[in-house]
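S.K.:
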Amino acid sequence: MSSVVIAKDIVTKFGTNIVHDGISFEIKEGEIFGLLGGSGSGKTTLLREMILLQKYSSGKLFVLEKDIKNLNDKEEDELRSRWGVLFQFGALFSSLSVLENISIALKEYTNLSKSAIKKAALMKLNMVGLPQSSAYLYPSELSGGMKKRVGLARALIRDPKLLFLDEPTSGLDPKSARDFDELIVTLRDTLGITVIMVTHDKDTISSVLDRFIILGNAKIQFYGNIEALRASSNESLRDFTDGK
Amino acid sequence: MDASIEIVTSTDNTITFTYKGSWTLENISKLSKKIDTRYTNSRVIFDFSKLYDFDTHGILLIIETSNKLQKKSCVVEKVGASEKFKALYEVCLSNFPQDIKSPMKNGTIVEFFYNIGKITQESRKTLINFFSFVGGLTEAVGMLVFKPKNIRFQAIFYHIENSGLKALPIILLTSFLIGIVIAFQGAVQLEKFGANIFIVEMVSISVTRELAPLITAIVIAGRSASSYTAEIGVMKITEEIDAMKTMGFSVWNFLIIPRVFALMISLPLVVFFADVVSIFGGMVIASLQLGISFEEFTNRMQESVEIKHVIIGLIKAPIFGWIIAVIGCFRGFQISSSTESVGKYTTISVVNAIFWVIAMDALISVFLTELGL
């Protein structure tokens, strides 16, 4: 199995504030990988660096075998077409309906027929567990959980190899959250997607994540899977598991 | 990676579709043209053994092909599928969408009348809401009279600085130019009659009574009505307003009254400066174009221009300020959850504010002229 993401000694500074101080990890293909840590530990910053929304100060970061520091515009676009991103609050385009939100990437980047685009978008809508009747609603008419599902469908529309999720289950009721977890595992199993997520949800951590890192004090405090964490002697780290 | 489909017809009414290569998104539009579904009453075999790669878009196309063939009473059999393919095929099949229609559009005539009705209804509602808003504001101001310690002076001064003081440079520049324009156009006409000295009355009266208050109000409406609407609207979207309400802070005292008072206080002051600067603009042109010195100009002004014109102009200013602030705040509270509505109501608020300022100016003009002032 090849590595989808390789980070080597990533350093991020905002002015004099050091967010990451030499972070290294690897994410393998087909994995569901978690970025954990307390508030302000730089999880989301790390995620944003991987998806080219933010620059890191030094170190090397390879995403899908590309060194993302030195990409030209064309390579960046090519890379962007191979991943999907779900933002914390969905980040749906408020002037577009649900169906238009999901299908916009196909409309802009492929020459598929209108009906084929609509079919593909509706299938993704079904896949994330939303009724077809929601297709013509607008984002302002959706609940938080529905927005996330639409956001996921939009992220999946081009069948990406890599999926980034920013707190996918936050703000969802427990049942929706578990359904969402299941959905992500199913998608990984069937589509062979690699999933990288920032999360706080203990159930997600223990039932979905294959491996994860825990960030703290600008360093990686833990790197491994849930069993290793449960066996760990560090009290404050074990708070991230469901074990008391 | 390339993709293709091979269709072989054998003698016993059996057709074999062999799927080859990578059936993924980038190849789909090309592949969909190659698929031939004109067969009826046949046995069709889908052979997936040479399928190298696939994604949901490829499988969607395969399912659609299969459905079309089945509709024409073909029997579709699938062979050579890998486990991975079967799993994804199941997922796609169970999520295969029914075709749905986009929401119905009514006939054009019906829609036309429907829209008229809808707009009328909404306007009526807005009007009632506006009166209720003004009522609420008046009540809140009335309460402040009994409890003056609730007046938030800091917020008032903040808005005076932001909406009044910071608008001063642009307003002074505009007023100066207006003074120049009036004097210049007047000079040409008055010169014909040899009535050069009347430039003084012309500039002083028109500017102090009408133009300076109007120009000031229009600039302030463009600057502040829009910012009030957007500020309050975004606070509404981020639930700041709800948070204030739950903590028992009065939206009137914290947000609306400071803005209304700030404009009512600062507008007359700004108008006064605008008066001065635009008369100065007129004086410059009078001396350059008509040879009336600054001294002559001021003397003539003292003799023949009554102070009432300046006062009328200054009295109008707080009324305009009230209109601008109230419309700006009112429209801000109409903004709902979507980001689009911020733009919509900000535009409406500026257009409304400018319109009502001009309408009110016209009304006051007629009223005062009838009174003989």
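Protein chains in written order, with the working numbering: chain A, 1 to 244; chain B, 1001 to 1373.
Backbone N, C-alpha and C fix where the C-beta goes; we use that ideal spot for every residue, glycine too.
#1: Go ahead and pull the three-state DSSP assignment for Thr1339(B).
#2: CB-CB under 6 Å to Thr169(A), same chain, minus the five flanking residues each way: which ones, in chain order?
#3: Could you tell me whether any Cβ in chain B is nearer than 7 Å to the Cβ of Ile102(A)?
#4: If we call anything under 7 Å between Cβ atoms a contact, is Ser983(B) one with Gly1164(B)?
#5: Could you tell me the alpha carbon to alpha carbon distance between Ile10(A) and Ile1237(B), rounded to whole angstroms?
#6: I want to verify the contact list: residues of chain A whose CB lies under 8 Å from the CB of Gln1185(B), in sequence order.
#7: Compare the C-beta of Thr1240(B) with all C-beta atoms of chain A and state if any pair is closer than 7 Å.
#8: Kindly list, in the order they appear in chain B, the residues whose Cβ is closer than 7 Å to that of Tyr136(A).
#9: Check distances from the C-beta atoms of the segment 1048-1078 of chain B to those of chain A and list, in chain order, the residues that come in under 7 Å.
#10: Thinking C-alpha only, which one of Leu1267(B), Ile1315(B), Val1076(B) and Leu1025(B) is nearest Leu1368(B)?
#11: Does any residue of chain B bring its CB to less than 7 Å from the CB of Gln88(A)?
#12: When you compare the CB positions of Leu86(A) and Leu165(A), do they come within less than 7 Å of one another, or not?
#13: Figure out for me which residue from Asp1036(B), Lys1078(B) and Leu1025(B) has the closest Cα to the Cα of Phe1048(B).
#14: Please state the DSSP three-state secondary structure of Lys1078(B).
#15: Under a CB-based cut-off of 7 Å, is Lys244(A) close to chain B?
#16: Would you give the residue range spanned by the alpha helix (DSSP H) that Thr1108(B) belongs to?
#17: Output yes if chain A places a C-beta closer than 7 Å to the C-beta of Phe1298(B); else output no.
#18: In whole angstroms, what separates the C-alpha of Tyr1345(B) from that of Val1357(B)?
#19: Using beta-carbon positions only, say whether Ala1325(B) and Val1251(B) come within less than 7 Å of one another.
#20: So, with DSSP's three-state summary, where would you put Lys244(A)?
#21: Determine the extent of the alpha helix (DSSP H) in which Phe180(A) is found, giving its start and end residues.
#22: Can you say whether Val1188(B) is buried or exposed, counting buried as having 16 or more other CB atoms within 10 angstroms of its CB?
#23: Just mark Leu1363(B) as buried or exposed, buried being the case when its beta carbon has 16 or more other beta carbons within 10 Å.
#24: List the endpoints of the continuous alpha helix (DSSP H) containing His200(A).
#25: Pull the bridge partners of Ser97(A) from the DSSP assignment, please.
#26: Taking the beta carbon of Gly15(A) as the centre, do at least 16 other beta carbons fall within 10 Å, making it buried, or is it exposed?
#27: Using 8 Å as the cut-off, can you tell me whether the segment 1119-1130 of chain B makes contact with the segment 152-163 of chain A, which would need three or more C-beta pairs spanning the two stretches below that distance?
#28: Check Ala91(A) in the structure and name its three-state DSSP category.
#29: What residue does the alpha helix (DSSP H) around Asn1150(B) start on, and which one ends it?
M.R.: Judging by the given coordinates:
#1: Taking the first residue of the second sequence as 1, we reach residue 1339(B) at position 339. Helix, per DSSP.
#2: In the first sequence, the residue the question calls residue 169(A) occupies position 169. These residues qualify, in order along the chain: Ala177, Phe180, Asp201 and Thr204.
#3: Here residue 102(A) refers to the residue found at position 102 when the first sequence is read from its first residue. Chain B, which has no Cβ nearer than 7 Å to the Cβ of Ile102(A), makes this no.
#4: In the structure as shown, chain B starts at 1001 and stops at 1373, and residue 983(B) therefore has no counterpart that could be examined.
#5: Taking the first residue of the first sequence as position 1, residue 10(A) is located at position 10. Taking the first residue of the second sequence as position 1, residue 1237(B) is located at position 237. Rounded to the nearest angstrom, the two C-alpha atoms are 37 Å apart.
#6: As a first step, residue 1185(B) must be located in the second sequence, where it is residue number 185. The contacting residues do not exist; Gln1185(B) stays about 46 Å from chain A at best.
#7: In the second sequence, the residue the question calls residue 1240(B) occupies position 240. A quick correction: the sequence has Glu, not Thr, at residue 1240(B). Not an interface residue.
#8: Residue mapping note: residue 136(A) aligns to position 136 of the first sequence, counting from 1. Chain B residues near Tyr136(A): Ser1102 and Pro1103.
#9: Asp1055, Thr1056, His1057 and Leu1060
#10: Along the second sequence, one-based indexing puts residue 1368(B) at 368. When each option's Cα is compared against that of Leu1368(B), the closest is Ile1315(B).
#11: Here residue 88(A) refers to the residue found at position 88 of the first sequence. It does not; no Cβ of chain B falls within 7 Å.
#12: Translated into positions along the first sequence, residue 86(A) becomes position 86. Translated into positions along the first sequence, residue 165(A) becomes position 165. Closer than 7 Å, so yes.
#13: On the second sequence, position 48 is the one that residue 1048(B) refers to. Closest option to Phe1048(B), Cα to Cα, is Lys1078(B).
#14: Stepping through the second sequence from its first residue, residue 1078(B) is reached at position 78. In this structure, Lys1078(B) counts as strand in the three-state DSSP scheme.
#15: Numbered from 1 along the first sequence, position 244 holds the residue referred to as residue 244(A). Per-residue confidence for Lys244(A) stands at a pLDDT of 43, beneath the threshold of 50, marking its modelled position as unreliable; no derived number is given.
#16: Counted from its first residue, the second sequence places residue 1108(B) at position 108. Here the alpha helix (DSSP H) through Thr1108(B) covers Thr1108 to Phe1146.
#17: Here residue 1298(B) corresponds to residue number 298 of the second sequence, with the count starting at 1. Before going on, a small fix: residue 1298(B) reads as Thr here, not Phe. Thr1298(B) does not count as touching chain A.
#18: Here the question's residue 1345(B) lines up with position 345 in the second sequence. Here the question's residue 1357(B) lines up with position 357 in the second sequence. So the alpha carbons of these two residues sit roughly 18 Å apart.
#19: Here the question's residue 1325(B) lines up with position 325 in the second sequence. Here the question's residue 1251(B) lines up with position 251 in the second sequence. Their beta carbons are not under 7 Å apart, which means Ala1325(B) does not touch Val1251(B) by this criterion.
#20: As a working note, residue 244(A) is residue 244 in the first sequence. With a pLDDT of only 43 at Lys244(A), under the threshold of 50, the placement of this residue in the model should not be trusted; the figure read from the coordinates follows. Three-state result, Lys244(A): coil.
#21: Taking the first sequence and counting its residues from 1, one reaches residue 180(A) at position 180. Where Phe180(A) is concerned, the enclosing alpha helix (DSSP H) stretches over Pro174 to Leu191.
#22: Indexing the second sequence from 1 puts residue 1188(B) at position 188. Val1188(B) is exposed by the Cβ-count criterion.
#23: The sequence position of residue 1363(B) within the second sequence is 363, counting from 1. Exposed: under 16 other Cβ atoms inside 10 Å.
#24: Position 200 of the first sequence, counted from the first residue, corresponds to residue 200(A). Taken as a continuous stretch (DSSP letters only), His200(A) belongs to no alpha helix (DSSP H), as it is neither H nor E.
#25: On the first sequence, residue 97(A) is found 97 positions in, with the first residue counted as 1. Its beta-bridge partners do not exist; DSSP assigns none.
#26: Here residue 15(A) refers to the residue found at position 15 when the first sequence is read from its first residue. Classification of Gly15(A): exposed, given that the 10 Å Cβ count is below 16.
#27: no
#28: Counting from one through the first sequence, the residue named residue 91(A) turns up at place 91. Correct three-state label for Ala91(A): coil.
#29: Along the second sequence, read from residue 1 onward, the residue named residue 1150(B) stands at position 150. No alpha helix (DSSP H) holds Asn1150(B); DSSP gives it neither H nor E.
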